[in-house]
Amino acid sequence: MNTEPKIKVGILGATGSVGQKFISLLENHPWFEITEIAASKKSAGKKYNEAVNWVLSNPIPKSICEKIIKECKPNLECKIVFSGLDSSVAGEIEKDFAQNGYTVISNSKNHRMDEDVPLLIPEVNPDHLDIIKNQKYNGGAIITNPNCSAIGLTIALKPLMDNFGIESVNVVTMQAISGGGIDLMKSDSFKDNVIPFISGEEGKMETEPLKILGNFNSDKIKNADFPISAQCNRVNVFDGHTECVQVKLKKKVSSEKIIEAWQNFNALPQRLALPSAPENPIHYFDSENLPQPKLQKDIDKGMAVSIGRLRKDKLFDFKFVVLSHNTIRGAAGGAILCAELLYTKSLIK
7 MNTEPKIKVG ILGATGSVGQ KFISLLENHP WFEITEIAAS KKSAGKKYNE AVNWVLSNPI
67 PKSICEKIIK ECKPNLECKI VFSGLDSSVA GEIEKDFAQN GYTVISNSKN HRMDEDVPLL
127 IPEVNPDHLD IIKNQKYNGG AIITNPNCSA IGLTIALKPL MDNFGIESVN VVTMQAISGG
187 GIDLMKSDSF KDNVIPFISG EEGKMETEPL KILGNFNSDK IKNADFPISA QCNRVNVFDG
247 HTECVQVKLK KKVSSEKIIE AWQNFNALPQ RLALPSAPEN PIHYFDSENL PQPKLQKDID
307 KGMAVSIGRL RKDKLFDFKF VVLSHNTIRG AAGGAILCAE LLYTKSLIK
């Protein structure tokens with residue numbers, strides 16, 4: 007049992023959908039305690055429950071309800087901040103915090119592809135954390151959580167790449183409306199509808215997994231070299247991104263061997279028993295109608311990836327379906343897991 011005082015953390019963009027999920031997931035965290043919440047100027051100075059449009063099913067934690075919101079300036083009484091800021095403002099704010107000695111764990115896209123910033127999935131590329139020593143942030147650092155859809159895809163691909171090698175990937179996503187923010191969640195545009203475009207999403211899907219799966223060597227990350235083609239759609243599901251994946255492998259392999267690789271996949275967060283880590287990063291389902299968001303999105307604390315419908319493909323080698331929780335594994339929960347790994351590696355104090 008950890009008897010040390012909890013680590014003070016702050017939330018940037020605390021009133022947004024990702025900020026709300028951070029607050030919810032950190033409510034009873036064994037290591038971290040929210041001591042600061044920050045948001046835009048229009049919310050600053052208000053009590054949290056007066057400024058927020060709370061969209062989660064569980065109530066606002068009592069410890070946060072009447073906490074006063076501050077501006078997103080590096081004068082917060084903590085040294086770790088989780089950023090759920092909109093990308094339109096996140097870049098400079100996160101850099102400002104890092105330059106003032108804060109460790110920034112960001113869910114925003116702005117710094118993901120910076121050469122000296124790790125794009126981290128703790129089960130996939132924990133060694134990439136070493137690159138933060140190259141950052142010039144006056145004692146601070148920026149660590150980024152990947153795109154919500156890229157996380158599910160990359161975790162599914164990791165055991166395949168390690169065991170069989172990958173030549174190419176095609177993926178079509180069916181993404182939940184919660185990934186689009188509060189305004190989208192309140193919109194009627196998704197009733198009886200599918201929207202076949204999400205701004206910037208396909209580019210992220212085609213590039214981010216290659217950085218995450220790349221080799222860290224000689225102070226640089228060399229991206230994986232296989233092509234990914236992505237098509238991204240927004241569908242009328244509240245939480246849970248579904249992805250239909252086709253993959254061409256470098257080795258000839260049976261379906262049984264692929265399923266075995268997924269089921270045996272176990273990584274550093276599991277060995278360290280990090281508080282937010284799923285017991286099993288990947289769950290495979292034999293039933294032909296699984297996985298489904300309604301049934302599997304919350305499996306293993308909402309932090310596991312569910313896979314099903316593995317079968318041979320006439321154009322590629324195999325095809326399968328991936329499901330992951332976009333606001334837990336794909337956003338706040340994934341970022342919190344990154345912070346837990348940083349702490350166990352003594353990279354934050």
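Numbering of the sequence shown is given in our numbering, commencing with residue 7 and proceeding in unit increments. C-beta atoms are modelled at their ideal positions from N, C-alpha and C, and glycine is treated no differently. Values in this document were obtained by computation on a predicted structure and should not be read as measured data.
By the Cβ criterion, the stretch 233-242 is not in contact with the stretch 136-154, since fewer than three pairs of Cβ atoms, one from each stretch, lie closer than 8 angstroms.
Per DSSP, the beta-bridge partners of His289 are Ser312.
Across the set Ile265, Ala337, Asn286, Val95, the C-alpha of Asn286 shows the shortest separation from the C-alpha of Val311. Contact between Asn81 and Ala337 fails: their C-beta atoms lie close to 26 angstroms from each other, not under 8 angstroms. With respect to Thr179, His134 sits apart: the two C-beta atoms are not nearer than 8 angstroms.
If you check the CB distance, Ile264 and Leu316 come in under 8 angstroms. Nearest to Lys257 by alpha-carbon distance, out of Ala341, Pro124, Phe324, Gln298, is Phe324. Here the alpha carbons of Ile188 and Tyr108 stand approximately 28 angstroms from one another. Judged by DSSP in its simplified three-state form, Thr333 adopts coil rather than helix or strand. In this chain, the beta strand (DSSP E) harbouring Ala45 covers 38-45. Assignment of beta-bridge partners to Ile227 by DSSP yields Phe222. Scanning the stretch 146-206 for uninterrupted alpha helix (DSSP H) segments of 4 residues or longer gives 154-170, 188-192, listed from N- to C-terminal end. Taking every protein chain shown into account, the CB of Glu249 has 16 or more other CB atoms within 10 angstroms, so this residue is buried. A direct Cα-Cα distance of roughly 24 angstroms separates Ile204 from Ile111.
In this structure, Glu39 and Ile13 form a Cβ contact; the two beta carbons are roughly 7 angstroms apart against a cut-off of 8 angstroms.
For Gln269, the three-state secondary structure derived from DSSP is helix. As for any beta strand (DSSP E) of minimum length 3 sitting wholly inside the stretch 77-109, the runs are 86-89, ordered along the chain. Look at the beta carbons and you see the stretch 160-179 touching the stretch 124-143: at least three pairs across the two are nearer than 8 angstroms. With a cutoff of 8 angstroms on beta-carbon distance, Glu83 and Glu42 are scored as near each other. Annotation: Met309 to Ala341 spans about 11 angstroms, alpha carbon to alpha carbon. Contact check for Leu166 and Val253: beta-carbon distance about 6 angstroms, within the 8 angstroms limit, so the pair qualifies.
Annotated as proximal: Ser89 and Glu100, with beta-carbon spacing under 8 angstroms. Scanning its chain for C-beta atoms nearer than 6 angstroms, with the 5 sequence neighbours on each side dropped, one finds around Pro67 the residues Glu33, in chain order. A check of alpha carbon separations from Lys217 across Ile75, Lys228, Ser261 identifies Lys228 as the nearest. Relative to Lys139, the option among Ala156, Glu121, Ser155, Cys154 whose CA is nearest is Glu121.
Across the set Leu274, Lys197, Lys307, the C-alpha of Leu274 shows the shortest separation from the C-alpha of Asn131. Judged by their CB atoms, Gly206 and Asn332 are not nearer to each other than the 8 angstroms cut-off. Within a 10 Å sphere around the beta-carbon of Ser195 sit fewer than 16 other beta-carbons, which makes this residue exposed. Beta-bridge analysis with DSSP links Glu249 to Thr179, Val328. Assignment of beta-bridge partners to Ala283 by DSSP yields no partner. Residues Ser30 of the same chain have their beta carbon placed closer than 8 angstroms to that of Asn64, with the five preceding and five following residues left out of the count. In the DSSP assignment, Leu18 falls within the unbroken beta strand (DSSP E) covering 13-18.
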